[in-house]
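Everything in the sequence shown is counted per my numbering, starting at 364 for the first residue and increasing by one. Just so it is clear, CB atoms sit at the ideal spot from N, CA and C, and this is done for glycine as well.
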Amino acid sequence: SSPLSHLLRDATNRQVVLDRVHRTLGLSLNVLSGETEAAWSFAAACSALDDGTGPCLVVDVGGGSTELVAGQDPAAHRPNYPAAIVDRTSLDIGCVRLTERCFDDQPPSSRAVEEATRIIDEALDATALTVDSAPILIGTAGTATALALVHLGPESEWDALHGGGFVLRHDHIQHWRRKLLRLSVDEIRALHPEAMAGRADVFTVGVLLLDRVLSHFDRDRLRVSPYELRHGLALRVLAQNGMK
């Protein structure tokens with residue numbers, strides 16, 4: 364079976380879609396619960412890190428939502444990383460949803476930026492997430508990895524992020540937020556054509572989200588993990604078969 368996440372969890376015609384895919388392609392789709400998605404996204408993000416990471420907060424900026432998962436030192440629970448999870452929350456704001464809601468054009472107007480920032484800050488302020496006083500922030504999935512590649516330059520490749528040791532300082536993220544807010548979609552795409560494929564029009568809001576998350580939790584850096592949900596699901600299969 365093939366796993367799907369919030370896209371189908373939120374769909375009002377979910378069963379219609381599942382039935383049609385099964386009839387047409389012969390595939391049985393497994394709609395992941397929010398808890399399962401969070402657990403194995405967390406596992407994937409942490410699997411790339413060195414021992415002794417300490418308490419952490421995994422940030423996953425998606426298209427429709429932003430997932431925050433807080434955990435104890437994941438190294439102490441290897442390979443059962445989900446056991447390290449302390450709390451999680453899902454913000455109903457992602458880079459696609461917020462771009463459609465606030466940005467009529469790019470570069471956006473100052474009013475649009477203020478509105479998007481207000482929505483993000485209010486969502487973060489409303490969370491009751493149990494987080495260590497000084498967690499290590501780990502960025503996973505498309506926005507964080509794409510920003511890392513943009514920061515490294517247009518010729519950089521995904522292999523540069525393997526190992527999970529790449530760090531974006533908050534001032535790096537703020538620099539790119541300011542620059543992106545002045546660029547058109549075509550100019551954003553030119554920053555790194557491969558990383559921006561299918562992402563250039565929503566990337567600015569994704570970076571704005573990362574910036575506001577670091578500000579909210581008063582962190583000065585973001586570790587970038589190249590691994591995401593699909594890698595976490597592979598870890599789950601290995602765990603279910605007794606492999607490490």
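| Asked | Found |
| --- | --- |
| Does DSSP classify S391 as helix, strand or coil? | coil |
| Would a C-beta distance cut-off of 8 angstroms place L454 and S428 closer than the cut-off? | yes |
| Buried or exposed for A560, going by 16 or more other Cβ atoms inside 10 Å? | exposed |
| Under the three-state reduction of DSSP, which class applies to D484: helix, strand or coil? | helix |
| How far does the beta strand (DSSP E) with E430 in it extend, from its first residue to its last? | 429-434 |
| Compute the minimum distance between the beta carbon of F529 and the heavy atoms of the ligand FAD, and state whether it is under 7 angstroms. | Only the bare structure without any ligand can be found here, which leaves the ligand FAD out of the picture. |
| Tell me the DSSP secondary structure of S453 in three-state form. | strand |
| In the structure shown, what three-state DSSP assignment does D341 receive? | Because residue 341 is not part of the residues shown, which for the chain are 364 to 607, the question remains open. |
| Short of 8 angstroms in beta carbon distance, which residues of its chain neighbour H555, apart from the five on each side in sequence? Order them along the chain. | A509, L512, V513, G516, P517, S519 |
| Quick one: what does DSSP say I551 is sitting in, helix, strand or coil? | helix |
| Determine, using beta-carbon pairs with one atom in the segment 435-442 and one in the segment 526-542, whether at least three such pairs fall under 8 angstroms. | no |
| Report, in whole angstroms, the separation of the C-beta atoms of L487 and V576, which I expect to be a contact under 8 angstroms. | 7 angstroms |
| List the DSSP bridge partners of G502. | V422, V587 |
| Distance, Cα to Cα, T506 vs S404? | 14 angstroms |
| Helix, strand or coil, according to DSSP, for R460 in the structure here? | helix |
| Under DSSP, the beta strand (DSSP E) around R532 begins and ends at which residues? | 530-532 |
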